[in-house]
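To get the working numbering, take the position in the sequence shown, counting from 1, and add 7.
Glycine residues also receive a C-beta, built at the ideal position from the N, C-alpha and C atoms.
The block underneath contains the structure these notes are about, expressed in structure tokens.
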Amino acid sequence: MKKLLLTTALLITVAVTAKSASPDKANTLKPALPVVKINDQINLSGKMDDPLWLQAMPVELTYEVMPAENTPAKQKTVAYVLYNHDYLYFGFRCYDSQPSAIRANLSDRDKMFGDDFVVVSIDTYNNYQKGLEFAVNPFGIQGDLMMMGSGNEDSSYDMVWHSAASVDDEGWTAEMAIPFSVFSFNSAAIQDWTITLCRSLPRDSRYLLSWTMYDRNDPSWLGQGGLLKGLEGIKSGKSLSFLPYIMMEQKGERSDVSDPESPMELSKLKARVGGGITYSPGPNTTINAVINPDFSQIESDAGQISVNSTFALYYPEKRPFFMSGMDLLQTPMYYTRTINNPLFAAKINGKAGRFSYLALAADDRNTSVIVPGE
């Protein structure tokens, strides 16, 4: 009997905030930043020298929230926000009394969080359950994460957006252009989004400067941000992507292993074909499907000690197909790595009102799950 297992999971969660007050009521108490719409695209040079930035309302990051709690910021930082039909733009002017102390390295994506950097967190639904974070260091190196309402972050969540930065005698500047297509949001004609604007300043200690104050007794980091008000005429839009692949394999060995001059004996050429498709019919729904997927190019797992371990080893999920909707699979009840080598898999996840949902089905050819009677 074939050792095939059809794995199906359906998870439905209710969005509840980490604060006792409802989000709608709490939003009335938040500081607000009206955002200006522009008709043109900003040229990202990293120097904030595009005249369009003059239309933005400046907002200063006046508070140090770490290590001190809501004290005056040690360095001046001014942020700017604009948007057009396609992009949400952020600009930062980071003044520094000692520009030579600015810490910046040319590094891989998501490896720049030991440097100076600015970061924006965005919660499009204002329910404080999850948000997207976008960070840039003084060399324009990007970092992007998914933040959960509890403050936990997932650095494997990568998006396509644009950034540039530049260092000068006054400090440094950074620009971001984030397409609305990376966000999911409701269909309201006028959108108000929860955002945080922060600057990380590593000196004798690591200082975090913020636009808004933070209460350390409040478990919700996202819930203590401000409101970006007045986004009009924006659409996430439909999107369709298809990623096929073909792999060829042929093995060979010497006909006489003791004779290095002996001819090679080659095996038959083997081909493997597969691919994946991602479709978003609207801003709140994503459909993924793969057939004969190839995960061999994914970063390998770090080694773990398995001797005398009380619990089974846990490996983080890195396969792109399983990453979408991972915020709904944080419970130990379901572990996607048990789907080991699927012949095909399909998934739909999205949001309807205050409900988030995810359904996943996979035909696994090498499952670690023991099926009684098999």
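- For G230, the secondary structure class from DSSP, reduced to helix, strand or coil, is helix.
- Counting along the chain, M330 sits inside the alpha helix (DSSP H) bounded by residues P327 to M330.
- For N295, the enclosing beta strand (DSSP E) stretches over residues T292 to I298.
- In this structure the region 185 to 195 lies against the region 89 to 107, because at least three pairs of beta carbons, one per stretch, are closer than 8 Å.
- Listed in chain order, the beta strand (DSSP E) runs fully inside the region 47 to 90 are 70 to 73 and 84 to 90, counting runs of at least 3 residues.
- For the pair W168 and F124, the CB atoms are not nearer than the 8 Å cut-off.
- Contact between F146 and A108 is ruled out by a C-beta separation of about 15 Å, above the 8 Å threshold.
- Shown here for P106: same chain residues with a beta carbon closer than 8 Å to its own, the five before and five after excluded, namely V174, D175, D176, E177, G178 and W179 in chain order.
- By the C-beta density criterion, E182 is buried, having at least 16 other C-beta atoms within 10 angstroms.
- Exclusion of the five residues before and after S313 leaves L320 as the residues of its chain whose Cβ lies within less than 8 Å of its Cβ.
- In the three-state reduction of the DSSP assignment, S107 falls in the helix class, which pools H, G and I.
- For the 8 Å CB-CB criterion, A39 and K236 form a contact.
- Considering only P290, R261, F302 and T293, the residue with the shortest C-alpha distance to G281 is F302.
- When beta bridges are read from the DSSP output, Y214 appears opposite L208.
- Per DSSP, T180 is one residue of the beta strand (DSSP E) stretching across G178 to P186.
- Within its own chain, the residues whose Cβ lies closer than 6 Å to the Cβ of A296, once the five positions on either side in sequence are excluded, are I284 and A353, listed in chain order.
- DSSP links E160 through a beta bridge to M154.
- Under the 8 Å Cβ criterion, the region 111 to 122 does not count as touching the region 62 to 80, having fewer than three qualifying pairs.
- Annotated three-state conformation of M333 is helix, per DSSP.
- From the listed residues A366, K137, Y342 and L59, the smallest Cα separation to G232 is found for K137.
- Under the three-state reduction of DSSP output, R361 falls in the coil class, being neither helix nor strand.
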